[in-house]
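Take a look at the structure set out below.
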Amino acid sequence: MSTKLFVGSLPWSTNDAELKTAFEPYGKVVSAKVITDRQTKKSRGFGFVEMEEKAEADKAIEGMNGKNFKGRNLIVNEAKPREE
Numbered sequence: 200m201s202t203k204l205f206v207g208s209l210p211w212s213t214n215d216a217e218l219k220t221a222f223e224p225y226g227k228v229v230s231a232k233v234i235t236d237r238q239t240k241k242s243r244g245f246g247f248v249e250m251e252e253k254a255e256a257d258k259a260i261e262g263m264n265g266k267n268f269k270g271r272n273l274i275v276n277e278a279k280p281r282e283e
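Using the numbering used here, you'd call the opening residue of the sequence shown number 200 and step up by one each time.
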């Protein structure tokens, strides 16, 4: 079963492909999405990465949380369900 990760403190210039590439060393990335503002279409500074296996997601959290990515220290943890 796949595991979704929250990735915060992303540089504004980061796109989906760069986010996916950054997490691929830790395992199979099912999807990677930088969240953008609906009106301006600019990055909101966070995104989500879905890893195929829980063990891979755990490795990605360990390896990427606090890591410098394009000048910013990332915040990476398991995504929590969206509140209604």
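C-beta: ideal position from N, C-alpha, C; glycine also.
Quick caveat: nothing in here was measured; it's all calculated off a predicted structure.
Taking a contact as a CB-CB distance under 8 angstroms, the pair F222 and M263 counts as one, their CB atoms being some 7 angstroms apart. The three-state secondary structure of L204, taken from DSSP, is strand. Scanning A259, E255, E282 for the CA closest to the CA of I274 turns up A259. Non-local C-beta neighbours of F247 in its own chain, meaning closer than 8 angstroms and more than five positions away in sequence, comprise K203, L204, F205, V206, S230, A231, K232, I234, A278, ordered along the chain. Boundaries around E249 are those of the beta strand (DSSP E), 242 to 250, since no alpha helix (DSSP H) includes it. Of the residues L209, N214, T213, M200, the one whose Cα lies closest to the Cα of K227 is M200. If you check the CB distance, P210 and G270 come in under 8 angstroms. Considering only N276, S242, E282, K219, the residue with the shortest C-alpha distance to D257 is N276. Under DSSP, R281 forms no beta bridge with any residue.
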